[in-house]
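Numbering (UniProt numbering), first residue to last: 1 to 194.
This report refers to the structure that appears directly beneath it.
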Amino acid sequence: MITVEPLSGDALRAAIPDLARLRCTVFAQWPYLYHGDPSYESDYLRDFAVAEGAVIIAAKDGDAIIGIATASPMSGQKPDYQAKFAERGIDVASLYYFGESVLLPQYRGRGLGHAFFDHREQQARLHGAKAATFCGVIRPADHPARPADYSPLDAFWQKRGYAMIPGLIAHFSWADIGDGEQSEKPMQYWMKAL
């Protein structure tokens, strides 16, 4: 039986190691190719969980966590996340930021991605957000690690009512799988009015 629900309190604290491993597992795949560290991820999730208005949604198959989605008010995010919006005159206080949405590959195509967005959009509205936003990594079409059968999520996001914000691109650094050094990656922002 697959369920999707917010985690909080003791249940969230107990799940953090599993959530951290899941983030590392899924983000190691295309297009992120992220060389993750479960200890760093656990710290990130603990910090995220205590942010005002934040939500962490878990998808479970029985007791096993198979997916996670996070969201919080943009005003609670790091200043460099907020800066690109402020530079454009977009009111940061009116935005809700969708962090990540990760799901094990064998569970994709079952509507869980929609459930993650439904839960986060509901949370955003509860906190008075006027719009939801997130960003996705931009990789070249000819990248050697790109799987031949890869299908970008753009159509899914558009179906949910999100649109790219032209020119609103941030840059974040991480080490790709197989690289010893971090490198900067462009991240395209998307937004939807709520």
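Note that beta-carbon positions come from the ideal geometry of N, C-alpha and C, so glycine has one too.
Applying the criterion that 16 or more other CB atoms from any shown protein chain within 10 Å of the CB defines a buried residue, is residue i buried or exposed?
i, result
"W190", "buried"
"Q123", "buried"
"R110", "exposed"
"M74", "buried"
"S72", "buried"
"R120", "buried"
"F159", "Contrary to the premise, residue 159 reads as Lys rather than Phe in this sequence. Per the 10 Å Cβ criterion, exposed."
"T3", "exposed"
"F27", "buried"
"I138", "exposed"
"R125", "exposed"
May I ask you to report which of helix, strand or coil DSSP gives residue i?
i, result
"G67", "strand"
"V92", "helix"
"A129", "coil"
"L168", "strand"
"G180", "coil"
"G155", "According to the sequence provided, residue 155 is Ala. The question's Gly does not apply to it. The answer is helix: DSSP assigns A155 an H, G or I state."
"Y150", "coil"
"residue 196", "The structure shown does not extend to residue 196, since the chain is modelled only from 1 through 194, so no value can be given for it."
"L103", "strand"
Would you report the Cα separation of residue i and residue j, rounded to the nearest angstrom?
i, j, result
"E41", "H127", "26 Å"
"V50", "D43", "11 Å"
"E100", "D179", "22 Å"
"W157", "H114", "10 Å"
"D149", "D91", "39 Å"
"D154", "K192", "13 Å"
"F117", "S39", "27 Å"
"P79", "Y34", "23 Å"
"I169", "R88", "12 Å"
Starting from the Cα of residue i, find the closest Cα among the options and give me that residue.
i, options, result
"L45", "M74, D61, S8, D63", "S8"
"Y97", "D10, G76, L153", "G76"
"L103", "R13, I165, D18", "D18"
"A54", "M164, A69, A64", "A69"
"P105", "G36, G136, I65", "I65"
"A131", "S94, A163, Y107", "S94"
"M187", "P166, A58, E87", "P166"
Since residue i is in the beta strand (DSSP E), which residue starts that stretch and which ends it?
i, result
"Q188", "183-193"
"G113", "That residue, G113, is in no beta strand (DSSP E); its alpha helix (DSSP H) goes 112-126."
"K60", "55-61"
"E52", "Element bounds for E52: n/a, residue is neither H nor E."
Quick one: give me the first and last residue of the alpha helix (DSSP H) that residue i is part of.
i, result
"L19", "9-27"
"A83", "79-87"
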